[in-house]
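Asker: Residue numbers (the numbering used here): 8 to 310.
I am attaching a structure below and will ask some questions about it afterwards.
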Amino acid sequence: MTHPHLTRRRLLGAVAALPLAHVAYAAAPMMGASAAVHRRITLGGFEVTTLLAGTMPREDPHSIFGLNVDQAAFEQVAQDAMLPVDMAQFFFTPTLVNTGEALVLFDTGLNPAGITEALTAAGYTPDQVDIVVLTHMHGDHIGGLSGDGGVTFPNARYVTGTTEYDHWAAAGDDNFDARMRPLAEQTTMITPGDTAAPGITAVEAFGHTPGHMAYMLESDGKSLLIAADFANHPVFSLEQPDWEVKFDMDKPAAAATRHKLLDMLAADGTPFIGYHMPFPAMGYVEKRGDGYGYIPESYQLRL
8 MTHPHLTRRR LLGAVAALPL AHVAYAAAPM MGASAAVHRR ITLGGFEVTT LLAGTMPRED
68 PHSIFGLNVD QAAFEQVAQD AMLPVDMAQF FFTPTLVNTG EALVLFDTGL NPAGITEALT
128 AAGYTPDQVD IVVLTHMHGD HIGGLSGDGG VTFPNARYVT GTTEYDHWAA AGDDNFDARM
188 RPLAEQTTMI TPGDTAAPGI TAVEAFGHTP GHMAYMLESD GKSLLIAADF ANHPVFSLEQ
248 PDWEVKFDMD KPAAAATRHK LLDMLAADGT PFIGYHMPFP AMGYVEKRGD GYGYIPESYQ
308 LRL
């Protein structure tokens with residue numbers, strides 16, 4: 008039997024002559040944008056899990072960040088960072104720390120549903136939480152403490168700063184009165200330098216609120232700062248520490264805190280978790296001339 012010589016040209020011609028049916032599967036549905044809802048790392052003998060308890064876009068970010076700079080300056084910084092000038096994305100990221108002896112939750116998100124869903128996705132249930140640490144009393148941090156179904160963390164005790172609690176207890180704030188005040192008898196008040204649990208030390212970070220605190224985690228020679236809201240955006244706050252932020256109650260004190268913590272993080276190479284940083288909210292700080300830069304964590308904390 009003889010076979011015709013199949014040249015490359017004949018082969019390409021034969022393929023081109025095939026019918027085009029069933030080449031594209033356009034019936035596959037559009038799935039929409041997606042995002043992970045938890046990220047877990049080890050830090051010495053601790054497991055640290057960030058939990059995405061909510062996210063939302065906000066229009067006109069210049070009405071929130073850079074209140075003391077003009078529109079042209081704000082737009083230039085946004086454009087240099089390839090960010091839109093008319094919209095920002097907000098993230099709400101509580102952190103769960105398993106010390107091996109206690110399961111410690113830092114902040115609780117906007118509402119019980121958000122934190123419960125994030126915990127469940129990460130493999131936990133609210134009744135497993137032993138300690139809830141409140142970095143400060145803004146609604147997006149205490150909103151998940153309780154709801155129509157009662158307290159969210161039935162077996163937990165609570166830890167917060169004395170200065171912070173005392174301010175809000177006298178402020179006549181409805182959210183504090185509904186969510187936090189009923190837990191007063193189960194709450195331990197601490198000051199900077201005190202421990203919330205072994206290996207977890209309170210760090211003064213006043214300014215965003217009167218008693219706002221960060222928390223340093225230390226285990227087996229490894230450290231990480233739960234930085235809460237000292238910087239609320241990687242560009243418009245962290246990289247611009249002197250820009251005034253709408254949500255900072257004492258703006259000069261908040262700027263001084265940013266400089267203090269940014270200098271420390273950059274000098275020591277300590278990673279941090281920022282409550283409003285783009286999820287998974289973990290990163291580093293570097294010095295850039297007279298300013299600072301944010302480096303998102305990629306795989307350093309996996310190794």
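Even glycine gets a Cβ: it sits at the ideal position worked out from N, Cα and C.
Are Ile149 and Val166 closer than 8 angstroms when you measure CB to CB?
Answerer: Position 142 of the sequence shown, counted from the first residue, corresponds to residue 149. Position 159 of the sequence shown, counted from the first residue, corresponds to residue 166. Against a cut-off of 8 angstroms, the Cβ pair of Val166 and Ile149 comes out as no contact.
Asker: Quick one: what's got a C-beta closer than 8 angstroms to Pro248's C-beta in the same chain, skipping five residues either side?
Answerer: The count along the sequence shown starts at 1 and reaches residue 248 at position 241. Hits under 8 angstroms: Ala238, Ala262, Arg265, His266, Leu269, Gly298, Tyr299.
Asker: Run the CB neighbour count on Leu310, radius 10 Å, all protein chains shown included, and call it buried at 16 or more, exposed below.
Answerer: In the sequence shown, counting from the first residue as 1, residue 310 sits at position 303. Exposed, because fewer than 16 other Cβ atoms sit within 10 Å of the Cβ of Leu310.
Asker: By the 10 Å Cβ neighbour count, where 16 or more other Cβ atoms means buried, how is Ser305 classified, buried or exposed?
Answerer: Translated into positions along the sequence shown, residue 305 becomes position 298. Exposed is the call here.
Asker: Can you give the Cα-Cα distance for Ser226 and Ala203, rounded to whole angstroms?
Answerer: Looking up residue 226 in the sequence shown gives position 219. Looking up residue 203 in the sequence shown gives position 196. Going by the C-alpha atoms only, they are around 14 angstroms apart.
Asker: What is the DSSP secondary structure of Leu272, counted as helix, strand or coil?
Answerer: Here residue 272 is taken as the residue at index 265 of the sequence shown, counted from 1. Helix, per DSSP.
Asker: The alpha helix (DSSP H) with Arg95 in it runs from where to where?
Answerer: The residue labelled residue 95 in the question sits at position 88 within the sequence shown. The amino acid occupying residue 95 in the given sequence is Ala; Arg does not appear at that position. Per DSSP, Ala95 belongs to no alpha helix (DSSP H); it is in the beta strand (DSSP E), 94-99.
Asker: Is Pro64 helix, strand or coil when you go by DSSP?
Answerer: As a working note, residue 64 is residue 57 in the sequence shown. Three-state DSSP puts Pro64 in a strand.
Asker: Have a look at Ser70 and Glu108 and give me their C-alpha separation to the nearest angstrom.
Answerer: Residue mapping note: residue 70 aligns to position 63 of the sequence shown, counting from 1. Residue mapping note: residue 108 aligns to position 101 of the sequence shown, counting from 1. Distance between the alpha carbons of Ser70 and Glu108 is about 44 angstroms.
Asker: How far does the alpha helix (DSSP H) with Phe81 in it extend, from its first residue to its last?
Answerer: Within the sequence shown, numbered from 1, the residue matching residue 81 stands at position 74. Looking at the DSSP string, the run of the alpha helix (DSSP H) that includes Phe81 is 78-87.
Asker: Alpha carbon to alpha carbon, what distance is there between Gln78 and Arg295?
Answerer: Mapped onto the sequence shown, residue 295 falls at position 288. Mapped onto the sequence shown, residue 78 falls at position 71. In a straight line, the C-alpha of Arg295 is about 23 angstroms away from that of Gln78.
Asker: To the nearest angstrom, how far is it from the Cα of Thr169 to the Cα of Arg47?
Answerer: Counting from 1 along the sequence shown, the entry for residue 169 is found at position 162. Counting from 1 along the sequence shown, the entry for residue 47 is found at position 40. Cα to Cα, the separation comes out at about 30 angstroms.
Asker: Counting C-beta neighbours from all protein chains within 10 Å, is the total for Met187 16 or more, i.e. buried, or is it exposed?
Answerer: As a first step, residue 187 is located in the sequence shown; it is residue number 180 there, counting from the start. So Met187 ends up on the buried side.
Asker: What does the Cβ neighbour count give for Met94, buried or exposed, with the cut at 16 atoms within 10 Å?
Answerer: As a position in the sequence shown, residue 94 is number 87, starting the count at 1. Flag for Met94 reads exposed.
Asker: How is Gln193 classed by DSSP in three states: helix, strand or coil?
Answerer: Along the sequence shown, read from residue 1 onward, the residue named residue 193 stands at position 186. Reduced to three states, the DSSP call for Gln193 is helix.
Asker: Please go through the same chain and pick out, in chain order, the residues whose beta-carbon is closer than 7 angstroms to the beta-carbon of Asn118, but skip the five residues on each side of it.
Answerer: If you number the sequence shown from 1, residue 118 lands on position 111. Excluding residues within five positions, the ones whose Cβ falls inside 7 angstroms are Gly150, Gly151, Gly154.
Asker: Specify whether the segment 50-58 and the segment 95-107 touch according to this definition: at least 3 beta carbon pairs, one from each stretch, less than 8 angstroms apart.
Answerer: yes
Asker: Rounded to whole angstroms, what's the CA-CA distance from Gly61 to Gly228? Just pull it up for me.
Answerer: In the sequence shown, counting from the first residue as 1, residue 61 sits at position 54. In the sequence shown, counting from the first residue as 1, residue 228 sits at position 221. Between Gly61 and Gly228, the C-alpha separation is close to 32 angstroms.
Asker: Leaving aside the five residues before and after Tyr301 along the sequence, list all residues of the same chain whose C-beta is less than 7 angstroms from its C-beta, in chain order.
Answerer: What you label residue 301 is simply residue 294 of the sequence shown in a count that begins at 1. Closer than 7 angstroms at Cβ, skipping near neighbours: Pro241, Leu245, Glu246, Gly290, Val292.
Asker: My output table needs one value for Tyr306: the three-state DSSP class, helix, strand or coil.
Answerer: If you number the sequence shown from 1, residue 306 lands on position 299. Coil, per DSSP.
Asker: Of the choices Asp257, Pro285, Leu308, whose alpha-carbon is the least far from that of Leu90?
Answerer: Position 83 of the sequence shown, counted from the first residue, corresponds to residue 90. Ranking Asp257, Pro285, Leu308 by Cα distance to Leu90 puts Pro285 first.
Asker: By a C-beta neighbour count over all protein chains shown, 10 Å radius and 16 as the cutoff for buried, is Asp275 buried or exposed?
Answerer: For the purposes of this step, residue 275 is taken as the residue at position 268 of the sequence shown. Result: exposed.
Asker: With C-beta atoms as the reference, is Asn182 less than 8 angstroms away from Gly156?
Answerer: Stepping through the sequence shown from its first residue, residue 182 is reached at position 175. Stepping through the sequence shown from its first residue, residue 156 is reached at position 149. Not in contact: Asn182 and Gly156 (Cβ atoms no closer than 8 angstroms).
Asker: Among Leu59, His283, Pro278, Val210, which one has its Cα closest to the Cα of Thr49?
Answerer: Along the sequence shown, read from residue 1 onward, the residue named residue 49 stands at position 42. Comparing Cα-Cα distances from Thr49 to each of Leu59, His283, Pro278, Val210, the minimum goes to Pro278.
Asker: Do you know whose CA, among Leu231, Pro303, Asp184, lies nearest Met271's CA?
Answerer: Locating residue 271 in the sequence shown gives position 264, where the first residue counts as 1. Minimum Cα distance to Met271 is reached at Leu231.
Asker: Classify Ile71 as helix, strand or coil using the three-state DSSP reduction.
Answerer: By one-based count along the sequence shown, residue 71 stands at place 64. Coil.
Asker: For Glu81 and His283, I'd like the C-alpha separation in whole angstroms.
Answerer: For the purposes of this step, residue 81 is taken as the residue at position 74 of the sequence shown. For the purposes of this step, residue 283 is taken as the residue at position 276 of the sequence shown. The question names Glu, yet the displayed sequence has Phe at residue 81. So the two alpha carbons sit approximately 19 angstroms from each other.
Asker: Helix, strand or coil: which one does DSSP assign to Tyr131?
Answerer: Position 124 of the sequence shown, counting from 1, holds the residue named residue 131. The answer is coil: DSSP assigns Tyr131 none of H, G, I, E or B.
Asker: For Asp114, count neighbouring C-beta atoms within 10 Å of its own C-beta (all shown protein chains included) and say buried if the count is 16 or more, exposed if not.
Answerer: Numbered from 1 along the sequence shown, position 107 holds the residue referred to as residue 114. Asp114 should be labelled buried.
Asker: What does the alpha-carbon distance come out to for the pair Val158 and Phe97?
Answerer: Walking along the sequence shown from the start, residue 158 turns up at place 151. Walking along the sequence shown from the start, residue 97 turns up at place 90. Looking at the two C-alpha atoms, the distance is approximately 26 angstroms.
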